[in-house]
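Take a look at the structure set out below.
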Amino acid sequence: MKKHKFKLAAVLKLREAKEKQIKTELGNIVKDIQRVKDRIIQIDNDVDVYYNSQEHSVENHGSAGRMIRFYPEAVQGLKSDRVVTENFLSALERKYDRKVEELKIAMGETKIMNNMKEKDLQEYKKKVSKKEQADIDEILVMRSKENHS
């Protein structure tokens, strides 16, 4: 008896490959989100450093006017950078949500194909079992005829 062959095996492979690709893309998005979150933390730390540096500069030394003007402008630049970074993070999170939905669909399609494969395999096994039983019955009938002759 020949081995079972699922007719839609190629389609199943394509679905599994698509699911794997989406998982890879999702992993890259998660890495990007973490990198952006780390950047936001770095910006907050830099703002704190500038504020502390400004306080230290004003308390200990008589600072030049240019130095006094530097700190607010630097902090403003960092804050605007933070706003842009937060917007980018928001866009990445939306992209992540869309990719998760895409992954759910791909996983569902793969599961359907796997279920179809299992069902096809079960039908094949039943058919083979039925064929084997018919062969055994035929052999038994032939033997009983030989014994009666």
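Following this note's numbering, the numbering of the sequence shown begins with 869 at its first residue and continues without gaps. For each residue, glycine too, the CB sits at the ideal point set by N, CA and C.
Selection from Met-1010, Val-996 and Asn-982 that minimises the alpha carbon distance to Val-879
Comparing Cα positions, the closest option is Asn-982.
Just the C-alpha distance for Thr-978 and Ile-890, rounded to the nearest angstrom, thanks.
Thr-978 and Ile-890: Cα-Cα distance of roughly 13 Å.
For the 8 Å Cβ check, are there 3 or more pairs between the stretch 910–925 and the stretch 963–975?
Short answer: they don't touch.
Closest by C-alpha distance to Asp-965, when choosing among Glu-893, Arg-950 and Asp-988:
When each option's Cα is compared against that of Asp-965, the closest is Glu-893.
Within 10 angstroms of its Cβ, does Glu-887 collect 16 or more other Cβ (buried), or is it exposed?
Counting Cβ neighbours within 10 Å, Glu-887 comes out buried, since at least 16 surround it.
Cutoff 8 Å; reference Ile-908; Cβ partners in own chain excluding five residues on either side
Answer for Ile-908: Arg-950, Thr-953, Glu-954 and Leu-957, listed in chain order.
For Glu-961, I'd like the list of residues in its chain whose CB is within less than 7 Å of its CB, leaving aside the five on either flank, ordered along the chain.
The beta carbon of Glu-961 lies closer than 7 Å to those of Ile-901 in the same chain, with the five residues before and after it left out.
Does any C-beta atom of chain D lie closer than 8 Å to the C-beta of Glu-991?
Structure shown: chain D not included; a single protein chain is present.
Ignore the nearest five residues each way along the sequence and tell me which others in Glu-970's own chain have a CB closer than 6 Å to its CB.
Counting only Cβ-Cβ distances below 6 Å, and skipping sequence neighbours, we find Ile-890.
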